[in-house]
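Chemist: Pasting a structure here, questions to come.
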C-alpha cells in the first residue's frame, strides 16, 4: 500500500479551546479514503490542515512519505474542495477557473473542455457572479476547480452534500476516476449510503480523535462480523465510535 | 502576472471605487491642466485610494474562507499581499505621474516633492496590506484620515496648546516627526527651511518603515493562521 497523504500526530487548538488530535491518518494512492464522524468532530479542520490552508499546532503532514513542512507547499500540491465553497468578492467563476488553470499550468484544451462541461452542468454562463449561484452549483464549481490539471492529492469536504442525484453521481464518478488514475483522494461525508460505493478505506473521527480506520473487510470484525451490508457496517461502526468517544 | 490581472479585474468590478476614483481623477486632470504652478490637491488624498486598493475585501475574504479557492493549488498568501501592494502602487504612481506631469515639465515643482509623494504612497500601501489582514479597507481609510487630522492639528496648534512649546522644539520635535511619518498621509506640516524643522528629505524615512510593515504582513500571513473559523 503506497502512502500518499499522511497526517502524523497532527494537533490543532481553536481559540475557544476545542482541540483536534493528535491525529494519525494515512490515505494511500489510487484509493478513496472516507472520513466520517459527527458534526464538530474535526473533519473540516483536518482536511484544511492536510490541504495547507491551516497550520497545525504540532505534528507533520507528509506527501508520498516525505514531510512537507511549508504549508503553502502543501497547499500548492494538494487540491481542496471546501464544503462551503465561497468565491472571492467581485469575481466570476470564469476568473477563478482561469487563475487556477494558469497557476497549475493546465493545457488550454483541457481548460476549454472543463469550462464547457461546467457551463453545461450549471446551465448558465461562467461569467455570472458566484453569489447568484446555488450552493450546489458552487459545489460543482469547487469540484471542477479541485480536479483541474489532474492533481495527485485531492481532498473533498462533503462534495455531494446537497447535490441533485445526477450531479451527485457525476461527482462520485469523477472522484473515483481520479483515484483510479493514481491520485490519493480523501472524502469527508455524512452519507453512509454513498460512501461504500466510492471509498476503499474508512476513518472515523470523533471528538478530534481517530476512533477506527481500515477497509470494510478490516472494520467488519470490529462491529461483530454478522453484518454484511456495507452501509449497516459503517452505521454500526459510526454508532460505536461515537458512543465510545462520549464515554 | 495572472494573479495581478485577477486582482485588477476584481478592482475594476468595484463600482464605488471606480466611480469615486474617476470623479476625483477628472477633477485632478482639470486642475493640472488649468494651473501648472502646483500639483492638484487630489494628490494629497491619493494615499487614501492606495489604502483602498491595497486593503479591499482582504480581511472579509479571509474571515469567510473566500480565498480558499485561490490559495488551494494556488499562491501563498504573502504573494497575494505583494500583488495587492503592486496594484495599489501602480494606481498611485500612474495617477501621480499623470497629474504631476504638467508641473514637473514646467519645473514649477521640484522632482523631490514627487518623490516624497511616492514615498508616502509606498508607506500607506504597505501599512494597508498589513492592517487589511484584520480590518476592512474602510476602517483603514478612516484610521488614516483620523491620524492625519490629529498630526496636522498637533503641528498647527495642538502641541502649542497642550505643551506650551512649538512642535519643532525639543523634546517634542521627534514625537512630531515620527507621529507624522507613522500616522499622516499629508506632507510634513512644519515650516520648511526652519532650523528646527526636520529636513524634508526625512519624508523618505517612510520607505524603510514601509519595508518593515510589509515584512511583518508577509511573515504573519505565511506563518500564522489568520481568521481560522471557530469550528470543529
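Chains as they are written, first to last, in the working numbering: chain A, 151 to 397; chain B, -13 to 218.
By construction, the Cβ of each residue, glycine as well, lies at the ideal position given by its N, Cα and C atoms.
1) Does residue 338(A) come out as helix, strand or coil in the three-state DSSP assignment?
2) With a CB to CB cut of under 6 Å and the five nearest residues on each side skipped, what residues in its chain are close to residue 272(A)?
3) Taking the DSSP output, what are the residues bridged to residue 7(B)?
4) Would you call residue 151(B) buried or exposed, if buried means 16 or more other Cβ atoms sit within 10 Å of its Cβ?
5) Take residue 172(B) and list the residues in its own chain whose beta-carbon comes closer than 8 Å to its own, dropping the five residues that flank it on each side.
6) Using a beta-carbon distance below 7 Å, is residue 230(A) in contact with chain B?
7) Considering just the uninterrupted stretch of the beta strand (DSSP E) at residue 332(A), what are its terminal residues?
8) Just tell me which of 117(B), 76(B) and 55(B) has its CA closest to the CA of residue -6(B).
9) Comparing alpha-carbon positions, which option in 296(A), 349(A), 394(A) and 308(A) lies nearest residue 381(A)?
10) Would residue 162(A) be called buried (16 or more neighbouring beta carbons within 10 Å of its own) or exposed?
11) Per the DSSP calculation, residue 20(B) is bridged to which residue(s)?
12) Which parts of the stretch 63 to 97 of chain B are runs of the beta strand (DSSP E), unbroken and 3 residues or longer, counting only runs that do not cross its ends?
13) Counting Cβ pairs, one atom from each stretch, are 3 or more of them under 8 Å apart for the stretch 361 to 370 of chain A and the stretch 381 to 391 of chain A?
14) Listed in chain order, which residues of the stretch 68 to 92 of chain B have Cβ atoms closer than 7 Å to some Cβ of chain A?
15) Measuring CA to CA, which of 41(B), -8(B), 210(B) and 14(B) is closest to residue 124(B)?
16) For the stretch -4 to 12 of chain B, list every residue whose C-beta sits within 7 Å of some C-beta in chain A, in sequence order.
17) Start and end of the beta strand (DSSP E) containing residue 352(A)?
18) Tell me the residue span of the beta strand (DSSP E) that contains residue 208(A).
19) Would you report the Cα separation of residue 250(A) and residue -10(B), rounded to the nearest angstrom?
20) By the criterion of Cβ-Cβ separation under 8 Å, what are the contact partners of residue 301(A) in chain B?
21) DSSP three-state call for residue 152(B): helix, strand or coil?
22) Answer with yes or no whether the minimum CB distance from residue 161(A) to chain B is below 7 Å.
23) Is it buried or exposed for residue 205(B), if we count other Cβ within 10 angstroms and need 16 for buried?
24) Out of 235(A), 392(A) and 216(A), which has the shortest C-alpha to C-alpha gap to residue 198(A)?
25) Do residue 353(A) and residue 188(A) have their C-beta atoms closer together than 7 Å?
26) Check the Cβ-Cβ distances between residue 240(A) and every residue of chain B, and say whether any is below 7 Å.
27) Per DSSP, what are the beta-bridge partners of residue 364(A) in this structure?
28) Run the CB neighbour count on residue 35(B), radius 10 Å, all protein chains shown included, and call it buried at 16 or more, exposed below.
29) Could you tell me whether the stretch 73 to 91 of chain B touches the stretch 10 to 30 of chain B, using the rule of 3 or more Cβ pairs below 8 Å?
30) When DSSP labels each residue in this structure, what does residue 212(B) get in the three-state scheme?
31) Tell me which residues share the same chain as residue 362(A) and place their Cβ nearer than 7 Å to its Cβ, disregarding the 5 neighbours each side in the sequence.
32) Going by C-alpha distance, which of 122(B), 130(B) and 201(B) is nearest residue 107(B)?
33) Which of the three DSSP states, helix, strand or coil, is assigned to residue 180(B)?
34) Do you know whose CA, among 45(B), 18(B) and 19(B), lies nearest residue 121(B)'s CA?
35) Considering only residues of the same chain and omitting the five flanking positions on each side of residue 62(B), which have a CB-CB separation below 7 Å?
36) Short check: CB of residue 74(B) to CB of residue 39(B), under 7 Å?
Modeler: Short version:
1) Residue state for residue 338(A) is assigned as strand, using DSSP reduced to three classes.
2) The residues are 287.
3) In the DSSP assignment, residue 7(B) is bridged to no other residue.
4) The residue is exposed, with fewer than 16 neighbouring Cβ atoms inside 10 Å.
5) Here residue 172(B) has 30, 134, 137 and 138 as same chain residues with Cβ atoms under 8 Å from its own Cβ, once five neighbours each way along the sequence are excluded.
6) Residue-level contact check: residue 230(A) touches chain B, since one or more beta carbons of chain B fall below 7 Å from its beta carbon.
7) The continuous stretches of beta strand (DSSP E) do not include residue 332(A), and DSSP gives it neither H nor E.
8) Nearest option by C-alpha distance: 76(B).
9) Ranking 296(A), 349(A), 394(A) and 308(A) by Cα distance to residue 381(A) puts 349(A) first.
10) That one is buried.
11) Beta-bridge partners of residue 20(B) (DSSP): none assigned.
12) If only uninterrupted beta strand (DSSP E) runs of at least 3 residues are considered, none is enclosed by the stretch 63 to 97 of chain B.
13) Judged by Cβ distances under 8 Å, the stretch 361 to 370 of chain A makes contact with the stretch 381 to 391 of chain A, as three or more pairs qualify.
14) Within the stretch 68 to 92 of chain B, no residue qualifies.
15) Of the candidates 41(B), -8(B), 210(B) and 14(B), the one whose C-alpha sits nearest the C-alpha of residue 124(B) is 41(B).
16) So the close ones are -4, -1 and 0.
17) Boundaries of the beta strand (DSSP E) around residue 352(A): 351 to 356.
18) For residue 208(A), the uninterrupted beta strand (DSSP E) run begins and ends at 208 to 213, by DSSP.
19) Straight-line spacing of the CA atoms in residue 250(A) and residue -10(B) works out to 13 Å.
20) Chain B residues near residue 301(A): 59.
21) If DSSP states are grouped into helix, strand and coil, residue 152(B) belongs with coil.
22) Residue-level contact by beta carbon fails for residue 161(A) and chain B, as no gap is shorter than 7 Å.
23) Exposed, because fewer than 16 other Cβ atoms sit within 10 Å of the Cβ of residue 205(B).
24) Comparing Cα-Cα distances from residue 198(A) to each of 235(A), 392(A) and 216(A), the minimum goes to 235(A).
25) Not in contact: residue 353(A) and residue 188(A) (Cβ atoms no closer than 7 Å).
26) So, interface residue.
27) Answer is 352(A).
28) So residue 35(B) counts as buried.
29) The stretch 73 to 91 of chain B, when compared against the stretch 10 to 30 of chain B, does touch it at the 8 Å Cβ threshold.
30) Coil at residue 212(B), not helix or strand.
31) Cβ neighbours of residue 362(A) within its own chain (closer than 7 Å, five residues either side excluded): 354, 369, 372, 387 and 391.
32) Cα-wise, what sits closest to residue 107(B) is 130(B).
33) Legend: pLDDT at residue 180(B) = 49, less than 50; position of this residue unreliable, value from coordinates given subsequently. Residue state, collapsed to three classes: coil.
34) Comparing Cα-Cα distances from residue 121(B) to each of 45(B), 18(B) and 19(B), the minimum goes to 45(B).
35) The residues are 208.
36) Annotated as proximal: residue 74(B) and residue 39(B), with beta-carbon spacing under 7 Å.
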